[in-house]
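For the sequence shown, my numbering gives the first residue as -5, with consecutive numbering after it. Just so you know, even glycine gets a beta-carbon here, dropped at the ideal spot from N, CA and C. To keep things clear, I will list the structure first and then write my remarks on it.
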Amino acid sequence: MLLDYGKKFTDMWGSADMDVMITHWSRELGAYSDVELQRGWQAMERMNWPPSLPEFKALCRPPVDPMVAFHEAQAGMLARVAGRMGEWSHPAVFWAAQQLGAVVTDQLYSTVRPRWERALADSMAKGEWAAIPVPMVALPAPGRTRLADSVAKQRLAELKASGVLKREPSPDTRLDWARKIVAAEANGDRTVELYSLKLAQAALERG
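Dropping the structure here:
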């Protein structure tokens, strides 16, 4: 920081015991990941004065708006249903969405706000996160490359009987994506991701 801020650094920290200060900062930042520390270091480039420890922590772990993160999670999880990665501002948002599962795509923010805020806070508090996995396409079971026509027709008949495929259109089309996935799998589409199918089935069960 001395090289970056010059006299501003000495004005702020010149009277501090550097050994004590380094030890304290190291202890306080010990749980922060390399990615977070790099984020904080890069954010300092926008600051005219060297940050205090609380300020630097906030640069490393900027606050996340739960509502914004929820809508990001909705869009991201629906993208994954279609086989895309989705856009994620932070891995903690993805893992919070993964924890709640179909609730994220099936419910309004106002309905799940307490659960979402807890899941997001727990995820953010971990400090380290596994990489967001690439959506995997479920492989067919051994010996099954596609559904037999008779089986596919039977599955379609069951879906029609249950009303899943013949519900009247309504202004609320939030579950259209789920119906398409279930119908595609029933038709023998082997590219349907297993997670996507389970997500769709759970959403339809909740109605």
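message: Measuring only the C-alpha atoms, how far is Ala115 from Glu30?
response: Roughly 16 Å between the two C-alpha positions.
Cα-Cα separation, Ala10 to Ile16: 10 Å
- prompt: With distances taken between CB atoms, is the gap from Phe50 to Gly34 smaller than 9 Å?
  reply: Against a cut-off of 9 Å, the Cβ pair of Gly34 and Phe50 comes out as a contact.
Cα-Cα separation, Val87 to His18: 30 Å
field: Where Leu114 falls: helix, strand or coil (DSSP)
entry: helix
- prompt: Short check: CB of Ala125 to CB of Pro60, under 9 Å?
  reply: no
Residue of His65, Arg21, Arg40 minimising C-alpha distance to Leu53: Arg40
- prompt: Thr99: which of Tyr(-1), Ala194, Lys2, Asn42 sits nearest, CA to CA?
  reply: Comparing alpha carbon positions, the residue from Tyr(-1), Ala194, Lys2, Asn42 closest to Thr99 is Ala194.
field: Contact set for Val176: own chain, Cβ-Cβ below 6 Å, skip 5 residues either direction
entry: Ala194
field: Trp43, DSSP secondary structure in three states
entry: coil
message: Taking the alpha helix (DSSP H) that Ala172 belongs to, which residues open and close that run?
response: 170 to 180
task: Taking Ala178 as the reference, give the member of Trp82, Glu199, Ala76, Pro127 with the closest Cα.
output: Ala76
query: If we ignore side chains and look at the alpha-carbon of each, how far apart do Met6 and Gln36 end up?
result: 20 Å
field: Secondary structure of Gln195, DSSP reduced to three states
entry: helix
field: N-terminal and C-terminal residue of the alpha helix (DSSP H) that Leu31 is part of
entry: 28 to 37
query: Alpha carbon to alpha carbon, what distance is there between Lys174 and Asn181?
result: 10 Å
message: Here's the rule I'm using: 16 or more other beta-carbon atoms within 10 Å means buried, otherwise exposed. How should Ala119 be labelled?
response: exposed
- prompt: In terms of residue numbering, what span does the alpha helix (DSSP H) encompassing Gly65 cover?
  reply: One detail in the question is off: residue 65 reads as His in this sequence, not Gly. 60 to 75 is the extent of the alpha helix (DSSP H) around His65.
- request: Express the C-alpha separation of Gly8 and Gly0 in angstroms, rounding to a whole number.
  value: 11 Å
message: Less than 9 Å between the C-beta atoms of Gly121 and Ala25, yes or no?
response: Contact: yes.
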